[in-house]
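Residue numbers (full-length UniProt numbering), protein chains in the order written: chain A, 1 to 276; chain B, 1 to 548; chain C, 1 to 701.
Everything on this sheet refers to the single structure shown next.
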């Protein structure tokens, strides 16, 4: 009996898929799993593990309440689950102009400002940033004009603050605090971030106030490590220069001299400080 | 400055392998001898490897194989809880299973799911990894058929799909995958069947360190310009892409086959300089795009990047801003869609570049196979306009470009805008755009990006948007399906049409298609056509956000 | 030498200088006005439908008209008016192109009607009643009643009705200038014409049908281009239509944005959306495409070439190989006397004198060239045959293979070497050995020896040689630069052929060519993928003419040849093939150039319209307003106006064709890309800005 051409074709396709599934879906990966058992490869292939985690996977160095444990170098902020959760990897996915807090969530700008103030407080340095208020939220006004985008200013609201606005007056108009849950853009306000007078290069480095892509970033920048060095030294009662030496020792330079950026593996450094 | 060495060293490496690797590919798709293992495969499949197929039969074979693949993968996903190594994960929901099956068969590898919390190891290996291989082979095979169409001298038979599929998979993709998977494992990419390890962190917290056969999938994810990550975080995940040098290697693997296929084209048509011309167009567009992306990201415009001092949100410390931006450009210039940083948090204009790269039709250099045939379609359209301007019926490589050829090329060119623009408009018109995470123009970009990525089979995302709803999974699934197979059928038909013609010899009156002028014109036509098609939509998305 | 020869022999119209670009048709501004009614008639949707691009513009214009009535404003009406004008301008282009043909056809009809044919047998019948084979007499001032051959007499004829060329041409019996065309006027003298046409199938009849574009069919390239334009139109339609939900979303998001003429709460207003669409779709080329095609045919007709199909014209642009007959095309129609070579002991003057005397009654071009050479080189005045009362002329016959004159006792003969020497011997002479040597020498150099003998004495040899037409070498060089191979076809032996081929500068030659050889050569070229063009006139050329991709039959040729070819050249000028190729190329180039121009224009229009639409929603987008246009309304209106008037500005170019100089493809592409690509990008920026500066003065914009 001869099968119709279309059926024969699909049966051939199915057989081809099954053959290739055995070759590519079983033989190939399992061969490599086998290779991963070879001494030398088995370490990395099974996850570069230490007793307290993987040196490749970042972790939070916080206590049960989520507060930084001061004797440890702190990792970057993380958007993976509640922070550094390998079962929920990912980033914040918030855009560069995400500056207005809503009842549902904080804006990216406010997150950055809040982290900066927190880090500044923890490390005892100036946590101010451009476009941030002193209390750590996005310095953003909704400016109402008579004719939409033009004409005299009729009303100004500091959209991320329900308390005292960061600015008293804007173009001669008194700045109001925001009411909880009010969408001032929908009311016709023009969203206007205010640069403020914070230095162009804030003391708190960029990686300290931003979440990584994976949420598992094991590294911090050498600058952020340097910022944390005095605190860690103080908490551990060791000389800050000793801490700095260890930072240098655990700083991974650019691969091959020009790839990527230098970073400090936080877990490795903390383990080393603990003498483990 | 170190940031610029990344693309430059990549370019140097790709130049170095262009000839040897391209020649290897050429031998694979033209060689007369069948390997012993391949003969075994043909026997098991039950096909006669010595017979050729017309374009129509070839197209039906491609469609049959892909249809069976979608069904097989869908069933696999729906039944995963009853299979081994499911890690206790439930069956995948029907709309996600449909979306994922289509996504991996179409070489899109869009992920409407989060890998670590949805897919067990067996599905990852025997379902997803397999499609990573074969969808890439299908793309290359179709491109090879188009090349055969250009090279043909009146023949009707354009090769045998089953032979092409088997050879490309077994002689090109598999050996390279084994080699580079081992290299990745040295770098720290995991390869095990562990269901994960629970650890107590240094400060007493709990952390579940995941495991899995990652390296074997990672390498083909890049080499086949697939892009579906084992984990949700994709190539940003330290277990997928642990170091700055594995990062370089990933981009190299992404670009390796697409940038080498023009060599095969040149050899196939008997004029290597034609291959050089095509690769030059690709390189011009790619370098321009990478430069702009890296430039925009390192410049770091926008309120939040200004507040931060760098566009570091969503980027890994070990890669830094510049290498992340270069990866983003490479992954969208091809149909890969793997990400090592999250495009949604890019600066407005830096984030527009991946979008534009995909809108270019992913031709610079594009997905494996699909990039070359897309570029050749653009070359055909350019030849037509340029050919008229030199006063002859347009010819490309001696093949006359007339009504039938232009009809097929034009339809090809119509598909993506149709899918992208209609899909985006429909999302807004039906209110489904409301699942965007970000507000205003950035939210619009998320929606536009989703359909651009699906329609061009890229798979990367402005990932803030929630797309695992029934509407989104269905709409994007259709976008991927149309965006993949309609162009393929048109390309195969074009190959058939070209093959029937006996080539005319070139003379001084023939438009030279290997000279810088033509190279520049193809690049110009590509950019202008794309700009004209998508500028209105871009104006309301990234441009509205980025221009102030 | 060249000039002398030219003066010596009437070679018909002077050859064109080789670099002369394909000539321009003139556009009379009044023509635009006269074509307006026709343009308006074409607004009928059933007619517009044939041109999808312009049909969409018309639909858009109807739509904005409705919107303008519903919500009148200066802006809305201004846009509406200009959209209608866009459609009308497009129709105008086509109407003007057709009108030129119609005017020509009308003139031709005038010339044809009321013509009386005076048959040789004395009957007078209307010209329309003539049958093939009738013989008519046409005197000075009369109109030739039908196509035919002059069988007696010589006359100057005014052919301006067909050619537009006011200078009269000479038509005479015998040779290659014997064909006359119906509808032309005899200015002097009187000729007898044998009618060759069938009733109603004269050149003029066919030309009328052709220039009126009665059954114009789209050519392959035109079809392909139409497909591409349709695809672009669909893409832009998509881009514009799908923009609306995005615009509504954006406007709603930016609550501060005021409602404007461009965007309100319902998204982009209908008028602006239609404006954007019309500006983006390729209206420029869409409007001019059919005019280009009609004008291309028109240019051929102006050169007295009748193409049976537009396809043949396009194929002419694609020709790779030109087969040219040696005689009449590459060389002057016939061999010319170049030199008198006396045998030792004979004065050159005596030889010239004898040669001239023997040729006085010889009306062949060769014979006359001998007379003329003797006159010019040796001052021997032409002597009227009739004044030599005692002369008896001996005509050439195939048996004797010589001709001559008997003047009393002087019996002079000239002819083939063997025949004349035999004749001299028969008269008792002993021709010198030297004669044979001279004859061989002339033969070796590709010439033809004619031996002259008087009574028993061989005086010497006349060297007849092929003379390559002046300027041909340059033209073949040009052809080579265009990538076209020229092949000389000749019945000569290979040695002779090689000598002439080298002198003329052709790429190849086919010697001792039989009709079968020609056919085989064409097939061989075509199998290699080349397109072949050839000219022919004889019945035995018919198979080759039919096989060639472009076969140009001479109007003087046989009807079999005319049926086989796909073009007929009324002037029967074989070199016209070269011009036909150029016209074919120019036609394609014009289409390509205007397509490029049309698409390149869109860039500037975007920079005008996108900021105009959306800068009120997102003020940052005003950065895209690089032309700094006055207001959203003026920006959109300027783009629409530019889009419309650019059509009018390009009508002359469409009718005339873009400038074409024979050169290689790279050179052509570089030039056209610069002019029409880069020019197409820059021009609208300037044009739109200029229009904006003017219309911002209109209140309400």
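Built from N, CA and C at the ideal position, the CB exists for glycine as well.
All values reported here derive from a predicted model rather than from experimental measurement.
Of the listed residues the options, nearest to residue i (C-alpha basis)
i	options	result
residue 17 of chain A	B:44, B:32, B:39 and B:7	B:44
residue 207 of chain A	A:4, A:62, A:264 and A:183	A:264
residue 215 of chain A	B:445, B:467, B:234 and B:506	B:234
residue 143 of chain B	B:58, B:200, B:443 and B:345	B:58
residue 472 of chain C	C:242, C:230 and C:329	C:329
residue 294 of chain A	A:134, A:151 and A:152	This structure leaves residue 294 of chain A out entirely; chain A is present only between 1 and 276.
residue 143 of chain C	C:549, C:534, C:133 and C:115	C:115
Short CB-CB distance (under 8 Å) between residue i and chain C
i	result
residue 508 of chain B	yes
residue 190 of chain A	yes
Which of helix, strand or coil DSSP assigns to residue i
i	result
residue 25 of chain C	Its pLDDT being 46, under 50, residue 25 of chain C is placed unreliably in this model, and the value from its coordinates should be taken loosely. Coil.
residue 627 of chain C	coil
residue 399 of chain B	strand
residue 361 of chain B	coil
residue 219 of chain A	strand
residue 259 of chain A	strand
residue 414 of chain C	strand
residue 686 of chain C	helix
residue 393 of chain C	strand
residue 482 of chain C	coil
residue 16 of chain A	helix
Under 9 Å by beta carbon: chain B residues contacting residue i
i	result
residue 585 of chain C	390, 391, 392 and 509
Within chain A, partners of residue i - CB distance below 8 Å
i	result
residue 549 of chain B	Summary: the structure shown does not reach residue 549 of chain B, with chain B confined to residues 1 through 548, and so no result is reported for it.
residue 53 of chain B	In chain order: nothing, as chain A lies at least about 11 Å away.
Within chain A, the residues that residue i reaches when beta carbons sit closer than 9 Å
i	result
residue 344 of chain B	91, 92, 93, 94 and 95
C-beta neighbour in chain B for residue i, strict 8 Å
i	result
residue 49 of chain A	yes
residue 660 of chain C	yes
residue 194 of chain C	no
residue 142 of chain A	no
residue 2 of chain A	no
Contacts of residue i in chain C (Cβ-Cβ under 8 Å)
i	result
residue 326 of chain A	An answer regarding residue 326 of chain A cannot be provided, because it is not within the stretch 1 to 276 covered by chain A.
residue 444 of chain B	246, 249 and 250
Chain A contact for residue i (CB, 8 Å cutoff)
i	result
residue 611 of chain C	no
residue 84 of chain B	no
residue 109 of chain B	no
Within chain A, the residues that residue i reaches when beta carbons sit closer than 7 Å
i	result
residue 258 of chain C	147 and 148
residue 199 of chain C	None at all; the shortest Cβ gap to chain A is about 60 Å.
Is it true that the stretch 90-102 of chain C meets the stretch 657-664 of chain C, where meeting means three or more beta-carbon pairs spaced less than 8 Å apart? no
Do the stretch 203-220 of chain A and the stretch 111-130 of chain A meet, that is, are 3 or more Cβ pairs less than 8 Å apart? yes
Would the stretch 402-412 of chain C count as touching the stretch 437-445 of chain C if we require 3 or more Cβ pairs under 8 Å? no
Any chance the stretch 305-313 of chain B sits against the stretch 366-381 of chain B, with 3 or more Cβ pairs inside 8 Å? no
Is there contact between the stretch 332-348 of chain B and the stretch 112-127 of chain B, where contact requires at least three CB pairs shorter than 8 Å? Short answer: they don't touch.
Assess contact between the stretch 589-604 of chain C and the stretch 271-284 of chain C, defined as three or more Cβ pairs (one per stretch) separated by less than 8 Å. Is contact present? yes
When you compare the stretch 325-336 of chain C with the stretch 602-621 of chain C, are there three or more beta-carbon pairs, one atom per stretch, that lie closer than 8 Å? Verdict: no, contact absent.
Does the stretch 417-431 of chain C come into contact with the stretch 454-463 of chain C, if we say contact requires no fewer than three beta-carbon pairs (one atom in each stretch) closer than 8 Å? When C-beta atoms of the stretch 417-431 of chain C are compared with those of the stretch 454-463 of chain C, three or more pairs fall below 8 Å, so the two segments count as touching.
Are at least three pairs of beta-carbons, each pair with one atom in the stretch 387-400 of chain B and one in the stretch 230-245 of chain C, less than 8 Å apart? no
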